[in-house]
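Notes to accompany the following structure.
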Amino acid sequence: MLFCDLDGFKSINDRFGHHAGDAVLIEVARRLTNGVREGDTVARLGGDEFVVLADGLGRADAQDLAVRLRNAITPPIRVDGRAVRVGASFGIGWAGCGMSAEEVLHSADQRMYIEKRSRSKERRRAG
């Protein structure tokens, strides 16, 4: 499970309104969906958080997927004639025997925050 939190999304809502924020969320969802394999699942949890369920990936492949998805999200998004940008932080959670979905989600969420804090604010926004 990859847990994705957008970086810089709040400022888009604050500066340009929720209509612009909604357009960004729709485009991010499209980019995420286009970046995964057939059979993988992309879902929005709420706000600016998404999860990707990608069964059968090893650690290196999951890390590569997170990098590819981040790179797909960071190019400018056109909204009402202006280009806006968001970054993305990803955490990877692994399902182990006996783990609940909530435990895997919590693990991925915690790893996402570690990854987010490891990058400077400028690098988060720019991707």
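Each residue of the sequence shown is one higher than the one before, starting from 1200 at the first, in the numbering used here. Note that the Cβ used here is the ideal one computed from N, Cα and C, for glycine as well. No experiment lies behind these values; they were computed from the predicted model shown.
Query                                                                                                            : Result
Beta-carbon proximity list for Phe1366, same chain, < 6 Å, skipping 5 on both sides                              : Only positions 1200 to 1326 of the chain appear in the structure, and residue 1366 is not among them; the question remains open.
Beta carbon proximity, Phe1215 to chain B, threshold 7 Å                                                         : As a matter of chain content, chain B is missing from the structure shown, which is built from one protein chain.
Own chain partners of Met1298 with C-beta closer than 6 Å, once the 5 adjacent residues on each side are dropped : none
Distance cut-off 6 Å: Arg1281 Cβ against heavy atoms of the ligand ATP                                           : Ligands are entirely absent from the displayed structure, and the ligand ATP is therefore not among its contents.
Whole-number beta carbon distance between Gly1290 and Asp1308, since they are thought to touch under 8 Å         : 6 Å
Runs of beta strand (DSSP E) wholly within the region 1258–1304 (minimum 3 residues, chain order)                : 1276–1278, 1281–1283 and 1286–1291
Beta-carbon spacing of Met1200, Val1235 below 7 Å                                                                : no
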